[in-house]
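Chemist: These protein sequence lines are chains A and B, in that order.
Oh and the first sequence: position 266 is 265 in numbering that gives the first Met the number 0, straight run, nothing missing.
Oh and the second sequence: position 299 is 298 in numbering that gives the first Met the number 0, straight run, nothing missing.
Where is the CB? At the ideal position from N, CA and C, for every residue including glycine.
2 protein chains.
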Amino acid sequence: MEQSPPKHPNPEQLDPNDLLIFARVADAGSFTAAAEQLGLPKSSVSRRISLLEERLGERLMLRTTRRLTLTEFGEAMLEHGRALAEEVELARTLAESRRAQPSGRLRVSMPSDFANLLLGDLFAAFSALHPAVMLEIDLSPRRVDLLGERVDLAIRFGDLPDDSLLAARRLRRFTWGLYAAPDYLAEHGTPRSPEDLKQHRCLRLLDEGATGHWQLSAGEQTHHEHSPAPIQANSPELLLRLARAGAGIAALPDQFAAPQLTRGELRRVLPDWSLPAQTAWAVFPGRRLLPAKTRAFLEMLQAAL
Amino acid sequence: MEQSPPKHPNPEQLDPNDLLIFARVADAGSFTAAAEQLGLPKSSVSRRISLLEERLGERLMLRTTRRLTLTEFGEAMLEHGRALAEEVELARTLAESRRAQPSGRLRVSMPSDFANLLLGDLFAAFSALHPAVMLEIDLSPRRVDLLGERVDLAIRFGDLPDDSLLAARRLRRFTWGLYAAPDYLAEHGTPRSPEDLKQHRCLRLLDEGATGHWQLSAGEQTHHEHSPAPIQANSPELLLRLARAGAGIAALPDQFAAPQLTRGELRRVLPDWSLPAQTAWAVFPGRRLLPAKTRAFLEMLQAAL
DNA sequence: GGTGATTGTTCCATTGGTCGAACAATCTGA
DNA sequence: TCAGATTGTTCGACCAATGGAACAATCACC
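#1: Straight-line CA distance for A/S226 to A/P235?
#2: Please classify A/M109: does DSSP put it in a helix, a strand, or coil?
#3: For A/V268, which residues of its own chain have a beta-carbon under 8 Å away from its beta-carbon, when the five flanking residues on both sides are left out?
#4: Note down, in chain order, every chain A residue with its Cβ under 9 Å from the Cβ of B/F72.
#5: Going by other Cβ atoms of all chains shown within 10 Å of its Cβ, with 16 needed for buried, is B/P5 buried or exposed?
#6: By the three-class DSSP mapping on this structure, what secondary structure does A/H187 have?
#7: How many Å lie between B/A291 and B/A94 at the Cα?
#8: Applying the criterion that 16 or more other CB atoms from any shown protein chain within 10 Å of the CB defines a buried residue, is A/T63 buried or exposed?
#9: Rounded to whole angstroms, what's the CA-CA distance from B/R171 to B/H223? Just pull it up for me.
#10: For the beta strand (DSSP E) containing B/G73, name the first residue and the last one.
#11: If you check the beta carbons only, do B/M133 and B/R104 fall under 8 Å apart?
#12: Can you check whether the CB of A/L165 is closer than 8 Å to the CB of A/L152?
#13: For the alpha helix (DSSP H) containing A/Q259, name the first residue and the last one.
#14: Taking C-alpha atoms, which residue in A/E264, A/L239 and A/Q214 lies nearest to A/F255?
#15: Near A/E78, what residues of its chain come up, given a Cβ to Cβ distance below 7 Å and the 5 sequence neighbours on each side ignored?
#16: With DSSP run on the structure shown, which of helix, strand or coil describes B/D17?
#17: Taking buried to mean at least 16 other C-beta atoms within 10 Å of its own C-beta, is B/E135 buried or exposed?
#18: Using a Cβ-Cβ cut-off of 8 Å (strictly less than) and excluding sequence neighbours within five positions of B/P270, which residues of its own chain qualify?
#19: Please tell me whether A/V132 has its Cβ less than 8 Å away from any Cβ of chain B.
#20: Compute the Euclidean distance between the alpha carbons of A/A232 and A/G147, then round it to the nearest angstrom.
#21: Check A/R203 in the structure and name its three-state DSSP category.
#22: Return helix, strand or coil for A/A244, following the three-state DSSP convention.
#23: Counting only beta-carbon separations shorter than 8 Å, does B/A25 have a partner in chain A?
#24: Look up A/M133 in the DSSP assignment and give the residues it is bridged to.
#25: How far does the alpha helix (DSSP H) with B/S192 in it reach, from first residue to last?
#26: Give me, in chain order, the residues of the same chain whose beta-carbon lies closer than 7 Å to that of B/P193; leave out the 5 immediate sequence neighbours on both sides.
#27: Check whether the Cβ atoms of B/P101 and B/A295 sit closer than 8 Å, and answer yes or no.
#28: Does the Cβ-Cβ distance between A/L202 and A/A242 come in under 8 Å?
#29: To the nearest angstrom, report how far apart A/E53 and B/P181 are at their CA atoms.
#30: Determine, using beta carbons only, whether B/L19 and B/A84 come nearer to each other than 8 Å.
#31: Assuming B/V282 and B/R155 form a contact by the criterion Cβ under 8 Å, report the distance between their Cβ atoms to the nearest whole angstrom.
#32: Quick one: residues in its chain with C-beta nearer than 8 Å to the C-beta of A/D17, no 5 flanking neighbours on either side, listed in chain order?
#33: Between A/P284 and B/L61, which are expected to be in contact by the criterion C-beta below 8 Å, what is the C-beta distance as a whole number of angstroms?
#34: When you compare only the Cα positions, how much space is there between A/F72 and B/L67?
#35: Tell me, please, which residues DSSP counts as bridged to B/I154.
#36: Please classify A/P40: is it buried, with 16 or more other beta-carbons within 10 angstroms of its beta-carbon, or exposed?
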């Protein structure tokens with residue numbers, strides 16, 4: 000396609016940097032002054048301008064050692080140089096303001112139980128602290144595609160498919176215990192050992208990786224409770240409500256049940272026994288250079304848990 | 000003043016080139032495609048983008064090996080990148096159009112006689128050929144300061160003060176002869192030798208470097224004619240008119256008198272004798288990278304003489 | 001499900017641009 | 001008129017940015 004090299008020196012590709020340097024020289028009125036402002040040796044400035052003129056094919060300024068006079072061409076080019084400098088400055092400002100104060104849209108995704116039971120106030124607090132951030136909360140239970148749906152941060156439990164493109168930070172470890180309402184226990188009796196659970200109505204979590212049974216452990220001892228459950232649901236929150244209503248014994252994260260425990264609406268059953276702990280992770284795309292908004296939210300999240 | 004190095008990586012100075020590369024990548028939707036369009040190895044593109052993100056302090060795009068997704072920040076920055084690319088393109092176009100077709104303001108300075116007697120049509124022809132050029136003609140007799148007054152081209156005679164900032168090109172050699180009207184010669188007689196000039200009315204040029212006499216030469220012979228002149232003027236054109244009106248014998252450039260010679264309004268006096276030839280120079284600021292407009296005018300000038 | 005093609009990233013030898021000093025030209029002040 | 005100060009340019013040693021190949025990861029197609 001390119002059968003002949005250009006006859007004249009070269010239109011080539013002109014370096015926007017050179018235009019910026021030229022604008023600085025023209026505005027400063029001197030190579031030396033411009034070099035100081037730019038933090039460059041004057042030799043570089045001189046070479047750059049000469050090269051730029053070569054590229055453009057016409058002189059930009061006539062230089063005596065004492066005075067600079069812009070060519071008519073130089074005047075026209077100066078306008079572009081200045082516009083360019085302004086545009087770069089705008090970009091720089093954008094980056095800086097972002098770094099200083101979180102801003103933009105922040106999409107977070109997490110299980111609805113998690114949000115409802117633990118982060119009630121956090122969203123409001125975050126929004127008040129960072130008014131420039133538009134907060135979008137997605138409580139859909141499915142594991143959203145972080146990259147595809149532009150989600151900035153998601154909270155996930157248990158196993159992490161170690162995606163090389165995702166980074167994760169551990170939020171906290173959730174311990175699980177068995178809970179029931181005092182009325183239920185008064186009616187059906189309080190279990191003394193795991194074997195007693197067979198006599199009870201078990202409310203079981205229906206989850207993706209659900210094993211279909213309870214794996215209880217106390218110290219070295221382990222017990223697998225396989226008795227069929229009359230009610231199964233995929234929402235810890237619903238199980239919590241059912242247990243509180245006296246529907247049976249539910250396995251719940253201790254943190255979820257804490258308020259009801261305090262108010263006496265629930266009691267810990269078989270307090271020496273617990274289910275395998277799960278770790279809650281904050282997952283976000285990109286290992287480094289996290290946006291300020293994400294960083295801020297993450298910090299608040301860790302402080303809250 | 001700068002007591003502490005910036006805590007975060009570095010706002011430093013961001014390279015506009017990187018923004019251009021980023022815009023190209025974002026628009027192309029792939030590093031490889033962008034690299035091809037830019038004529039760069041993809042490794043450079045990758046490194047450049049990474050560095051830019053480092054500088055900006057936030058990621059611009061999330062890259063799986065198969066798909067690129069712009070960050071919200073990236074979207075915002077892309078606008079600036081595009082604006083920048085457009086501005087650079089504008090500058091490039093300006094330079095190219097200038098190189099292709101002369102344009103802008105062209106100031107030329109020359110003696111009025113020269114313009115009136117020799118370049119009558121040239122100005123009109125040039126203007127017609129290059130409509131984008133605004134022609135400014137300065138006929139002031141003084142030697143204008145080319146750089147100070149933004150004059151693109153001047154025509155000067157004889158000695159050139161070799162200014163290192165000015166370049167000159169020889170236009171043509173002007174030979175001088177003595178001329179008088181037939182009527183005058185009929186009345187006062189035709190000189191046969193230089194000595195006869197003493198009996199005649201000599202019309203002498205009043206110039207800066209004027210010697211106050213005529214230095215005539217024919218082959219090896221030389222004659223200095225010091226006889227006082229009844230009329231002196233600093234305009235060859237006026238001397239020409241005076242000679243034509245029968246006021247006396249004038250020394251004129253042969254080229255100036257050619258039309259009147261043809262029409263029989265003037266006759267060459269002492270045709271074997273002539274005055275020292277002068278060279279006409281075109282002088283212009285800047286040795287290299289002449290504007291296209293100047294180059295075009297210069298070529299037309301040389302063709303006309 | 002496996003294999004080949006294609007993506008973006010990393011590595012390191014090489015080169016092109018940079019830095020600082022010396023230089024020539026010019027203006028300023030005594 | 002002359003010397004000192006300041007301008008932009010030139011020159012050479014050096015360093016950093018570049019370019020090509022190898023790499024790991026992913027998708028598409030059979």
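Modeler: Looking at the coordinates:
#1: Residue mapping note: residue 226 of chain A aligns to position 227 of the first sequence, counting from 1. Residue mapping note: residue 235 of chain A aligns to position 236 of the first sequence, counting from 1. Cα-Cα distance, rounded: 19 Å.
#2: To locate residue 109 of chain A, count along the first sequence from 1; it is residue 110. Looking at A/M109 - three-state DSSP - the assignment turns out to be coil, as it is neither helix nor strand.
#3: On the first sequence, position 269 is the one that residue 268 of chain A refers to. Excluding sequence neighbours, A/V268 sits near G176, L177, Y178, A179, L184, T189, P190 and I248.
#4: Working through the second sequence from its first residue, we reach residue 72 of chain B at position 73. Those within 9 Å of B/F72 in chain A are L93, A94, R97, G103 and P290.
#5: The residue given as residue 5 of chain B occupies position 6 in the second sequence. Per-residue confidence for B/P5 stands at a pLDDT of 34, beneath the threshold of 50, marking its modelled position as unreliable; the derived number appears in the next sentence. Answer is exposed; the Cβ neighbour count stays below 16.
#6: As a working mapping, residue 187 of chain A is identified with position 188 in the first sequence. Helix, per DSSP.
#7: Taking the second sequence and counting its residues from 1, one reaches residue 291 of chain B at position 292. Taking the second sequence and counting its residues from 1, one reaches residue 94 of chain B at position 95. If I take the Cα positions, the gap works out to 11 Å.
#8: For the purposes of this step, residue 63 of chain A is taken as residue 64 along the first sequence, with counting starting at 1. The residue in question, A/T63, is exposed, as its Cβ has fewer than 16 Cβ neighbours within 10 Å.
#9: Locating residue 171 of chain B in the second sequence gives position 172, where the first residue counts as 1. Locating residue 223 of chain B in the second sequence gives position 224, where the first residue counts as 1. Looking at the two C-alpha atoms, the distance is approximately 25 Å.
#10: The residue labelled residue 73 of chain B in the question sits at position 74 within the second sequence. First-last for B/G73: E71 to A99, but that is the alpha helix (DSSP H), not the beta strand (DSSP E).
#11: What you label residue 133 of chain B is simply residue 134 of the second sequence in a count that begins at 1. What you label residue 104 of chain B is simply residue 105 of the second sequence in a count that begins at 1. Closer than 8 Å, so yes.
#12: Your numbering for residue 152 of chain A matches position 153 in the first sequence. Your numbering for residue 165 of chain A matches position 166 in the first sequence. No. Outside cutoff.
#13: Along the first sequence, read from residue 1 onward, the residue named residue 259 of chain A stands at position 260. Note, A/Q259: alpha helix (DSSP H), D253 to R262.
#14: Taking the first sequence and counting its residues from 1, the one referred to as residue 255 of chain A is at position 256. Considering only alpha carbons, the answer is A/L239.
#15: Mapped onto the first sequence, residue 78 of chain A falls at position 79. Here the set comprises nothing.
#16: Along the second sequence, read from residue 1 onward, the residue named residue 17 of chain B stands at position 18. It is helical.
#17: The residue given as residue 135 of chain B occupies position 136 in the second sequence. So B/E135 ends up on the exposed side.
#18: The residue labelled residue 270 of chain B in the question sits at position 271 within the second sequence. Cβ within range, chain order: G176.
#19: As a first step, residue 132 of chain A must be located in the first sequence, where it is residue number 133. False, the Cβ-Cβ gap to chain B never drops below 8 Å.
#20: Sequence index remark: in the first sequence, residue 232 of chain A carries index 233 (1-based). Sequence index remark: in the first sequence, residue 147 of chain A carries index 148 (1-based). So the alpha carbons of these two residues sit roughly 29 Å apart.
#21: The count along the first sequence starts at 1 and reaches residue 203 of chain A at position 204. A/R203: strand per DSSP, three-state reduction.
#22: The residue labelled residue 244 of chain A in the question sits at position 245 within the first sequence. Correct three-state label for A/A244: coil.
#23: Position 26 of the second sequence, counting from 1, holds the residue named residue 25 of chain B. It does not; no Cβ of chain A falls within 8 Å.
#24: The count along the first sequence starts at 1 and reaches residue 133 of chain A at position 134. In DSSP, A/M133 forms a bridge with A/R104.
#25: Position 193 of the second sequence, counting from 1, holds the residue named residue 192 of chain B. Careful: B/S192 lies outside any alpha helix (DSSP H) and carries neither H nor E.
#26: Within the second sequence, the letter at position 194 stands for residue 193 of chain B. Within the same chain, B/P193 has close Cβ partners L215, H222, E224, L269 and W272.
#27: Counted from its first residue, the second sequence places residue 101 of chain B at position 102. Counted from its first residue, the second sequence places residue 295 of chain B at position 296. Yes. Within cutoff.
#28: Within the first sequence, residue 202 of chain A is the residue found at index 203, counting from 1. Within the first sequence, residue 242 of chain A is the residue found at index 243, counting from 1. Yes, they are a contact pair.
#29: Sequence index remark: in the first sequence, residue 53 of chain A carries index 54 (1-based). Sequence index remark: in the second sequence, residue 181 of chain B carries index 182 (1-based). About 58 Å.
#30: Residue numbering aside, residue 19 of chain B sits at position 20 when the second sequence is read from its first letter. Residue numbering aside, residue 84 of chain B sits at position 85 when the second sequence is read from its first letter. In contact: B/L19 and B/A84 (Cβ atoms closer than 8 Å).
#31: Locating residue 282 of chain B in the second sequence gives position 283, counting from the first residue. Locating residue 155 of chain B in the second sequence gives position 156, counting from the first residue. Yes, they are in contact, since the Cβ atoms of B/V282 and B/R155 sit about 6 Å apart, within 8 Å.
#32: Counted from its first residue, the first sequence places residue 17 of chain A at position 18. Excluding positions up to five away in sequence, the list reads R47, I48, L50, L51 and R54.
#33: Here residue 284 of chain A corresponds to residue number 285 of the first sequence, with the count starting at 1. Here residue 61 of chain B corresponds to residue number 62 of the second sequence, with the count starting at 1. Correct: roughly 5 Å between the Cβ atoms.
#34: Here the question's residue 72 of chain A lines up with position 73 in the first sequence. Here the question's residue 67 of chain B lines up with position 68 in the second sequence. Taking the straight line joining both Cα atoms gives about 41 Å.
#35: Walking along the second sequence from the start, residue 154 of chain B turns up at place 155. DSSP lists B/A281 as partners of B/I154.
#36: For the purposes of this step, residue 40 of chain A is taken as the residue at position 41 of the first sequence. With fewer than 16 Cβ atoms within 10 Å of its Cβ, A/P40 is classed as exposed.
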